[in-house]
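Q:
Residue numbers (my numbering): 3 to 216.
1) Please state if the CB of residue 104 and the CB of residue 113 are separated by a distance shorter than 8 angstroms.
2) Taking only three categories from DSSP, how would you classify residue 162?
3) What three-state label does DSSP hand residue 90 in the structure shown?
4) Starting from the C-beta of residue 18, find all residues in its chain whose C-beta is less than 6 angstroms away, skip the five residues before and the five after it, and write them out in chain order.
5) What's the call for residue 87, buried or exposed, on a 16-neighbour Cβ count within 10 Å?
6) Quick one: what's got a C-beta closer than 7 angstroms to residue 160's C-beta in the same chain, skipping five residues either side?
7) By the 10 Å Cβ neighbour count, where 16 or more other Cβ atoms means buried, how is residue 200 classified, buried or exposed?
8) Kindly indicate which residue of 203, 213, 162 has the alpha-carbon position closest to the one of residue 172.
9) Taking only the alpha-carbon atoms, compute the straight-line gap between residue 121 and residue 179 and give it to the nearest angstrom.
10) Using the Cα positions of residue 61 and residue 211, report the straight-line distance between them to the nearest angstrom.
11) Per DSSP, what are the beta-bridge partners of residue 173 in this structure?
12) So residue 119 packs on residue 144, CB below 8 angstroms; how close in whole Å?
13) Just curious, the beta strand (DSSP E) that residue 199 is in, first and last residue?
14) From the DSSP output, in three-state form, read off residue 67 for me.
15) Going by beta carbon distance, what residues of the same chain come within less than 6 angstroms of residue 94, once the five residues before and after it are set aside?
16) Using only the alpha-carbon positions, how far apart do residue 67 and residue 204 sit?
As structure tokens, this is what we get:
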């Protein structure tokens, strides 16, 4: 019986030694692979990481529309001072305002307006970008009401560091009658146009626009 117990203990010792030796061999075999992977990561240049393409779009108003060539005081009264620079992906804008007019023919009392827009912007190529979305505007002043809902889109192309070009359009889905004192309040109705911009510096540029309105 003692002889069998010695044989059993010897077998367990041999099996334990073989298992430990196999684990050590496996770790030894995997060590060069891990070292090789680490060296490969160190060798890869930083530029090999994929970066999103930049957007080349103009600044829009709070409704996601191309900014007007000329501006009047009522333009700011309804939607405020705005330079909306879109980022890649979904952009949302919501606003509310209170305004008043002074003068002989100005409507009496205060006016109230609510506006909003959702624009989705994405780069098509390294130089070409597109933004499209919807907008709404509701305003009431002096007993007159203005409502508009529409679609807006702009396509931008960057030729080089100095020159940029844009094609833009918007489509009103309501076509409501616009009171005369709201004519210059916002970029209402249907528009289609094109613009070209020359950048003297990041802070100064000149832009020429041509458009048709209905």
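Beta carbons are placed, not taken as given, at the ideal position from N, Cα and C, and that holds for glycine.
As the structure is a computational prediction, the values presented were derived from the model and not from experiment.
A: In this structure, then:
1) Position 111 of the chain shown, counted from the start, is the residue given in the question as residue 113. Position 102 of the chain shown, counted from the start, is the residue given in the question as residue 104. No, these two residues do not count as a Cβ contact at 8 angstroms.
2) Numbered from its first residue, the chain shown carries residue 162 at position 160. Here residue 162 carries a coil assignment [DSSP, helix/strand/coil].
3) Along the chain shown, one-based indexing puts residue 90 at 88. Taken through DSSP and simplified to helix, strand or coil, residue 90 comes out as coil.
4) Numbered from 1 along the chain shown, position 16 holds the residue referred to as residue 18. Here the model assigns residue 18 a pLDDT of 46, short of 50, so the residue's position is not dependable, and the following value carries that caveat. If you ignore the 5 residues before and after residue 18, its C-beta comes within less than 6 angstroms of no other C-beta in its own chain.
5) By 1-based counting over the chain shown, the position of residue 87 is 85. With a 10 Å radius around the Cβ and a threshold of 16 neighbouring Cβ atoms, residue 87 comes out exposed.
6) Translated into the one-based positions of the chain shown, residue 160 becomes position 158. 58, 129, 166, listed in sequence order.
7) Looking up residue 200 in the chain shown gives position 198. By the neighbour-count rule (16 or more Cβ atoms within 10 Å), residue 200 is not buried but exposed.
8) Along the chain shown, one-based indexing puts residue 172 at 170. Out of 203, 213, 162, 213 has the C-alpha closest to the C-alpha of residue 172.
9) Start at 1 with the first residue of the chain shown, and residue 121 comes out as number 119. Start at 1 with the first residue of the chain shown, and residue 179 comes out as number 177. Spanning the two alpha carbons is a distance of roughly 26 angstroms.
10) Taking the chain shown and counting its residues from 1, the one referred to as residue 61 is at position 59. Taking the chain shown and counting its residues from 1, the one referred to as residue 211 is at position 209. Using only the alpha carbons, I get a separation of about 14 angstroms.
11) If you number the chain shown from 1, residue 173 lands on position 171. BP columns for residue 173 point to 153.
12) Within the chain shown, residue 119 is the residue found at index 117, counting from 1. Within the chain shown, residue 144 is the residue found at index 142, counting from 1. The Cβ separation is near 25 angstroms, so there is no contact.
13) Stepping through the chain shown from its first residue, residue 199 is reached at position 197. Per DSSP, residue 199 belongs to the beta strand (DSSP E) from 193–203.
14) Counted from its first residue, the chain shown places residue 67 at position 65. Residue 67 falls in the coil class under three-state DSSP.
15) Taking the first residue of the chain shown as 1, we reach residue 94 at position 92. Counting only Cβ-Cβ distances below 6 angstroms, and skipping sequence neighbours, we find 120.
16) Stepping through the chain shown from its first residue, residue 67 is reached at position 65. Stepping through the chain shown from its first residue, residue 204 is reached at position 202. Approximately 22 angstroms, taken between the alpha carbons.
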